[in-house]
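A short worksheet on the structure shown next.
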Amino acid sequence: MSTPSVNVESVTKRFAGHTAVDRLSMQVPAGGIFGLLGPNGAGKSTTIRLIMSIIEPDEGRITRFGSAQSSRDLSARIGYLPEERGLYKKMKVLDHLIFLGETKGLSRAEGRKRALAWLERLEIAGWAQKKVEDLSKGMQQKVQFAGALLHEPELVILDEPFSGLDPINAQTMKDIVVGIAKSGRTVLFSTHVMEQAERMCDHVAIIARGRMVVNGTLAQVKADFGGRYLALGFSSGREHANAALADPRLVARLDDYGASAELRLADGATPDQLLSALVGAGVGLRRFEVVEPSLQAIFVAKVGADPDAAPLPQGAAA
Amino acid sequence: MNKTMAVVRREYVERVRSKAFLISTILVPVFMVLVMLLPMLMLAGGDHTSRVAVVDASGSALGAPLASTLKAARFGSKPNAMPRYAVTVFPATAATLTAERDRLIAQTGLSGEHRGDGYDGVLVLAPGTLASGKLEYYGTNVGSPDAMARLQRDVSDAIAGVRLATAGVDEGVVKQAMAKADVSTTKVEDGKITGQSGMAAFGIAYAMGFILYLAIVIYGQQMTTSVIEEKTSRIMEVLTSSLTPFQMLMGKVLGVGLAGLTQMAIWGGTAFALGSQGGHIAGAFGASAEAAKDFALPGMPVSLLVVFLLYFALGFLLYGALFAAVGAMCNSIQETQQYILPVTMLTMIGFFAVFALIKDPNGGIGATLSLIPFFSPFTMPVRWSMTSVPLVQLGISLALMVLGLLACVWIAGRIYRTGILMYGKKPSWRELWRWIRVG
C-alpha cells in the first residue's frame, strides 16, 4: 500500500490541567474516507489541529504524505474546514474565496475561475458579489466549504463538516465528500453522529478521552464485534426471560425495549446457550437474530454511556 | 512572498473600500478646517474699527497728537487697510472731567439697534497724564489682550512723541526716532540660509510630530481591532493553516499602513490645494486673506521630506507590529486597555518630546531621544528641521531604528503565534514573557 496520507505516531498533547490527546496513534490511508469518531470532548478537534500543525504535539510525531514538513508548508496539498467556522464578514463572497485561494498558492485568476465554478456548483452563484454577513449561516458554511476545497487538495480535513446544516445542504456536502473520495483523494472528517460515519466511511477510528478505542476499516471493526450482538423479539412469556437476561454469565449488556431487546453476549457465552436458557424458561420468541452491530452500538459498547463503564484498555484497537 | 502580498492586498482593498474609510477621509479634513477657521472667524470679529472717545483734560495738548497717532494706526501694513480707531476728542477741565467721562461711558457698549450710535471705549486723559504716564480706559474690548496691547503701544508712542516735542526735539527727529524696528527671522543651517522663517520651522516640526502621532494612534487602534476581529470571527484558524504568523503580521501591518498612507496622501493633497488657494477659501468663510496667509503651507526642503518619510515608515511599522501584538493577546477591545497603555505612553512621550526639542534641539535630551527607536521617529525629523544634525548621528539613529523595528517585529511575531489561537483568559505579563521566550 502507498504512503499513508497522515501518520500519527504516539502523539500526546496536554493543556493546562488535562491531557487532551494521550499517546494516540493512527494512520489515515491514501484514498477513501476516514471517519474520526468520538463523544464531545474526546479530543477529535485537538487531533485534527495537531494534524494541521496549528498546535504542536508535546510528544510523538506526525507525518503527512510521509513527510515531516508542517501542514503549513504542505498547505497547497491540504484543505481544511475548522470546527469553528470563520469568514471575514465584510468581504464579498467572491473576493473572499479568491483570497483563500491565494493563501493556498493559487493565482488570482485561477482562484477566481475556481471560486465561480464552486459557487455555481453549490447553487449560490447569485451571491458572489454579496457581503458574507448578508448570507444565511448555511450559505456561509457552503462558502467556507468551497474555500477549503478550492485548490483541489489531495487531502481534505473536515472538522464536524455536517453540523448545523439543513438536510438538503448536508446531502449536497455529502455528495461532494463522496465525490472527492471517488476521484482517489483522501478525506478525513470528524463527527459524533455515528450513522453519518457508518454510511460514508471506509475507515473509522473511535477515540475517547484522548485515547484510541477502535481503529480499522468499517468492515473489519464490525466483524470484530459480530456474533456478540443479538436482537430478540418476544411473543409470549416475556416475564420468564428476566432471569436469563439478568445472568451476567450470559449477557454483558442489555437494551431492554419491553417487547424486544438488544443485547451483547458476555465473554465466553454463545448465542445457543442464551437461546436454550430462554426456551427452557418458557419464553416465546418471534425473533432471535445474531446481528452485525451498528457503529452506534460499537461506539456505545466501547466508549460506554457512563464514564466508569467505558473500557479503556491499552491498545484496544482492533 | 506572494502570500504576504495577498494579505497586504486584502487588508488594503477591504479597508479603502469600507464606508468608515470614506467617511473619515471626508470628515477629518472638514473637522481640521473648522478647527483652523473657527479661531480665525472669532478673531475676525476684532477686525472692526473701534470708536474711541477721548476725554482730554490734560490741558497740555496731548489730546490732538494722541488722536492723530491713533487715527494713523491700521490693521495690517497695507495703505488701504482698515483704521483701528475712529477718534473723537472731547475737551474737558479738571472740574468737568468726571461728569464728561460718565456721560460718555453711558453711551459706550450700547447693544441692539443703538449699537452704532455710541462708543466702544472711553480714553481719559487726566491733567497729570503727560507727566505721570497714567491714564484710564473704559471699553467693551478690555478683555482682548491683543487689542489692549495695541492700544497701550499706540498711546505710549503718542505720549513719548509729545514729551520729546515738549523737550524741544525737532518733529522730524521725533518721527525718525519713533519709527518701529521690524525684525524678520530666517533660519540658518550648516552655514546656509534655508529660506525658512523661525515660525515656519516650528510649524513644520510640530505638524510632522502631530501627523505621525495621529497616524500611529488612529491606524494602530485599527490594527488591534482587526486582529481581534480575526480572532473572534475564528477566521484565524483557517489562516494559520496556510500562513505563517510572520506573513500574517507583516501583511496586516503593511496593508493597514498603505491604507493609512493613501488617506494621508488624500489629506495632504487637499491641504496643499487649500494652502495654495487659502486666500479664496478663507475669504469664502469670511476671514480676511491676511489671516489665512498665516496658515499657508510653508515649503519643505527635500532632505527633510526624505528624513521624515523614512522615520515615518519605520516608526509606523514598529508601532504597527506592537499594536498587532496587543490585538493577538486579547479577545475583546475592552481587554486591550491594559496592554495598549504602555504602547500609547511611548507614542505620547515621543510626541511631547517634540516640544522639549523645539526649545533646545541640540541638547542632551534631544540627542538621546533621537537615538531611541521608540522616540526617534518623532524627534529626529524635528531636530533635522530645526538644526543641523551630524550625519553620523542620523546614521546611528537610523541603524538603531531598523534594529528596534526588527526586534519589535520578532517579539510581536512570537506573541502573535501563540496569542492568535488563545481564546478565553488574557495572559498575565509573566505568561507573555514565556510566550516571547518559548514562542
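Listed in order, the protein sequences are those of chains A and B.
For the first sequence, the tail end lands on 439 under this note's numbering, and the numbers increase by one without skipping.
For the second sequence, the tail end lands on 1607 under this note's numbering, and the numbers increase by one without skipping.
Think of the CB as a built atom: it goes at the ideal place given N, C-alpha and C, for glycine as much as any other residue.
Please read all numbers here as calculations on a predicted model, not as lab measurements.
- Query: Could you give the C-beta distance for V1680(B) and G1301(B), rounded to a whole number, given that I count them as a contact under 8 angstroms?
  - Reply: The question about residue 1680(B) has no answer here: the residues shown for chain B are numbered 1169 through 1607.
- Query: Residues bridged to K252(A) by DSSP?
  - Reply: Counted from its first residue, the first sequence places residue 252(A) at position 131. Looking at the DSSP assignment, K252(A) forms a beta bridge with K213(A).
- For my contact list, A1174(B) and E223(A) are in at a C-beta cut-off of 8 angstroms; report their separation, rounded to the angstrom. Translated into the one-based positions of the second sequence, residue 1174(B) becomes position 6. Translated into the one-based positions of the first sequence, residue 223(A) becomes position 102. Rounded, the Cβ-Cβ distance is 4 angstroms, consistent with contact.
- Item | Three-state class that DSSP yields for D1314(B) in the structure shown | Taking the first residue of the second sequence as position 1, residue 1314(B) is located at position 146. In this structure, DSSP gives D1314(B) a helical state, which the three-state scheme calls helix.
- Task: Figure out for me which residue from Y1584(B), V1257(B), G1437(B) has the closest Cα to the Cα of G1495(B).
- Result: Position 327 of the second sequence holds residue 1495(B). Taking each of Y1584(B), V1257(B), G1437(B) in turn and checking the Cα distance to G1495(B), the smallest one comes out for Y1584(B).
- Message: Short of 7 angstroms in beta carbon distance, which residues of its chain neighbour A418(A), apart from the five on each side in sequence? Order them along the chain.
- Response: Reading the first sequence from its first residue, position 297 is the one you call residue 418(A). Excluding its 5 nearest sequence neighbours in each direction, A418(A) has C-beta neighbours in its own chain below 7 angstroms: Y350, listed in chain order.
- Task: Note down, in chain order, each residue of its chain lying with its Cβ closer than 6 angstroms to the Cβ of S1538(B), except the 5 sequence neighbours on either side.
- Result: Residue numbering aside, residue 1538(B) sits at position 370 when the second sequence is read from its first letter. S1544, T1547, M1548, R1551, S1565.
- Query: Quick one: is P1510(B) buried, meaning 16 or more other Cβ sit within 10 Å of its Cβ, or exposed?
  - Reply: As a first step, residue 1510(B) is located in the second sequence; it is residue number 342 there, counting from the start. Exposed.
- Mind reading off the beta-carbon distance from A269(A) to L202(A)? Whole number of angstroms is fine, and I expect it under 8 angstroms. Within the first sequence, the letter at position 148 stands for residue 269(A). Within the first sequence, the letter at position 81 stands for residue 202(A). L202(A) and A269(A) do touch by the CB rule: their CB atoms are close to 4 angstroms apart, below 8 angstroms.
- Query: If you drop the 5 nearest sequence neighbours on each side, which residues of the same chain put their C-beta closer than 7 angstroms to that of T1297(B)?
  - Reply: Within the second sequence, the letter at position 129 stands for residue 1297(B). Same-chain partners within the cutoff: S1226, L1230, L1303.
- Span of the beta strand (DSSP E), counted from its first residue to its last, around Q148(A): Within the first sequence, residue 148(A) is the residue found at index 27, counting from 1. From DSSP, the beta strand (DSSP E) with Q148(A) extends over 139-149.
- Could you pull out every residue in the same chain whose Cβ sits closer than 7 angstroms to the Cβ of V342(A), ignoring the five residues on either side in sequence? Against the first sequence, residue 342(A) aligns to sequence position 221. Correct list, in chain order: V325, V335, I419, A439.
- Task: Give the residues of chain B in contact with S201(A), contact being defined as C-beta atoms less than 9 angstroms apart.
- Result: Residue 201(A) sits at position 80 when you count from the first residue of the first sequence. Correcting the residue identity first, residue 201(A) is Tyr in this sequence and not Ser. For Y201(A), the C-beta contacts it makes with chain B under 9 angstroms involve E1405, V1406, S1409, S1410, in order along the chain.
- Where K1461(B) and L1195(B) are concerned, what is the direct C-alpha to C-alpha distance, given to the nearest angstrom? The residue labelled residue 1461(B) in the question sits at position 293 within the second sequence. The residue labelled residue 1195(B) in the question sits at position 27 within the second sequence. Note on K1461(B): pLDDT 49, under 50, position unreliable in the model; no value is reported.
- Query: Who are the near neighbours of L215(A) in its chain, counting only those whose CB is closer than 8 angstroms to its CB and skipping five residues on each side?
  - Reply: Within the first sequence, residue 215(A) is the residue found at index 94, counting from 1. Only R233, A236, L237, L240, A249, Q250 meet the Cβ criterion.
- Nearest to D143(A) (by Cα), restricted to the options G153(A), G379(A), F155(A), R182(A): Along the first sequence, one-based indexing puts residue 143(A) at 22. Relative to D143(A), the option among G153(A), G379(A), F155(A), R182(A) whose CA is nearest is R182(A).
- Query: Count the other CB atoms within 10 Å of the CB of R1598(B); is the residue buried (16 or more) or exposed (fewer)?
  - Reply: Mapped onto the second sequence, residue 1598(B) falls at position 430. Label assigned to R1598(B): exposed.
- Message: Can you check whether the C-beta of L240(A) is within less than 9 angstroms of a C-beta belonging to chain B?
- Response: Along the first sequence, one-based indexing puts residue 240(A) at 119. L240(A) has a beta carbon lying at 9 angstroms or more from every beta carbon in chain B.
- Hey, is the segment 275-291 of chain A in contact with the segment 193-211 of chain A, meaning 3+ C-beta pairs nearer than 8 angstroms? Result yes; three or more Cβ-Cβ pairs closer than 8 angstroms.
- Message: Please confirm whether K1461(B) has its beta-carbon closer than 9 angstroms to some beta-carbon of chain A.
- Response: Locating residue 1461(B) in the second sequence gives position 293, counting from the first residue. Because K1461(B) sits at a pLDDT of 49, beneath the cut-off of 50, its placement in the model cannot be relied upon, and the following sentence gives the value as read from the coordinates. False, the Cβ-Cβ gap to chain A never drops below 9 angstroms.
- Item | For P1549(B), the first and last residue of its enclosing alpha helix (DSSP H) | The residue you call residue 1549(B) lines up with position 381 of the second sequence. First-last of the alpha helix (DSSP H) with P1549(B): 1544-1554.
- Task: Express the C-alpha separation of Q190(A) and R306(A) in angstroms, rounding to a whole number.
- Result: Taking the first sequence and counting its residues from 1, one reaches residue 306(A) at position 185. Taking the first sequence and counting its residues from 1, one reaches residue 190(A) at position 69. Taking the straight line from one Cα to the other gives about 20 angstroms.
- Task: Output yes or no for whether 9 angstroms exceeds the beta carbon distance between I172(A) and E1405(B).
- Result: What you label residue 172(A) is simply residue 51 of the first sequence in a count that begins at 1. What you label residue 1405(B) is simply residue 237 of the second sequence in a count that begins at 1. Not in contact: I172(A) and E1405(B) (Cβ atoms no closer than 9 angstroms).
- Item | 9 angstroms Cβ cutoff met for T1392(B) and I1526(B) | Taking the second sequence and counting its residues from 1, one reaches residue 1392(B) at position 224. Taking the second sequence and counting its residues from 1, one reaches residue 1526(B) at position 358. No, the Cβ-Cβ distance between T1392(B) and I1526(B) is not below 9 angstroms.
- Identify which residue in L384(A), V412(A), G358(A), L375(A) has its Cα closest to the Cα of A402(A). Position 281 of the first sequence, counted from the first residue, corresponds to residue 402(A). The shortest Cα separation from A402(A) among L384(A), V412(A), G358(A), L375(A) belongs to G358(A).
- Message: Please report the straight-line C-alpha distance between G1340(B) and A1232(B), rounded to a whole angstrom.
- Response: Within the second sequence, numbered from 1, the residue matching residue 1340(B) stands at position 172. Within the second sequence, numbered from 1, the residue matching residue 1232(B) stands at position 64. C-alpha separation (whole angstroms): 17 angstroms.
- Message: Taking the straight line between their C-alpha atoms, what separation do you get for N1170(B) and Q1561(B)?
- Response: Start at 1 with the first residue of the second sequence, and residue 1170(B) comes out as number 2. Start at 1 with the first residue of the second sequence, and residue 1561(B) comes out as number 393. Distance between the alpha carbons of N1170(B) and Q1561(B) is about 37 angstroms.
- C-alpha gap between L1202(B) and L1190(B), whole angstroms: Taking the second sequence and counting its residues from 1, one reaches residue 1202(B) at position 34. Taking the second sequence and counting its residues from 1, one reaches residue 1190(B) at position 22. Using only the alpha carbons, I get a separation of about 19 angstroms.
- Message: Would you say V1511(B) lies against chain A (beta-carbon separation less than 9 angstroms)?
- Response: The residue you call residue 1511(B) lines up with position 343 of the second sequence. The C-beta of V1511(B) comes no closer than 9 angstroms to any C-beta of chain A.
- Query: Using Cβ-Cβ distances below 7 angstroms, what residues of the segment 1586-1604 of chain B are close to chain A?
  - Reply: In summary, the residues of the segment 1586-1604 of chain B whose CB is separated from some CB of chain A by less than 7 angstroms are L1589, in the order they occur in the chain.
- Query: What do you reckon, are the CB atoms on T124(A) and E180(A) nearer than 9 angstroms?
  - Reply: Residue numbering aside, residue 124(A) sits at position 3 when the first sequence is read from its first letter. Residue numbering aside, residue 180(A) sits at position 59 when the first sequence is read from its first letter. For T124(A) and E180(A), no; Cβs fall outside 9 angstroms.
- Distance CB(A318(A))-CB(F355(A)) smaller than 9 angstroms: Residue 318(A) sits at position 197 when you count from the first residue of the first sequence. Residue 355(A) sits at position 234 when you count from the first residue of the first sequence. Remark: C-beta atoms of A318(A) and F355(A) do not approach each other more closely than 9 angstroms.
- Buried versus exposed call for M1569(B) [16 or more other C-beta atoms within 10 Å across all chains shown]: In the second sequence, the residue the question calls residue 1569(B) occupies position 401. Around the Cβ of M1569(B), a 10 Å sphere holds 16 or more other Cβ atoms; the residue is buried.
- Task: Return helix, strand or coil for K1343(B), following the three-state DSSP convention.
- Result: Working through the second sequence from its first residue, we reach residue 1343(B) at position 175. In this structure, K1343(B) counts as helix in the three-state DSSP scheme.
- Query: Where does W1603(B) land, buried or exposed, given buried means 16+ other C-beta within 10 angstroms?
  - Reply: The count along the second sequence starts at 1 and reaches residue 1603(B) at position 435. Around the CB of W1603(B), 16 or more other CB atoms lie within 10 Å, so the residue is classed as buried.
- Message: Does M1554(B) pass the burial test, meaning 16 or more other C-beta atoms within 10 Å, or should it be called exposed?
- Response: Within the second sequence, the letter at position 386 stands for residue 1554(B). Buried is the call here.
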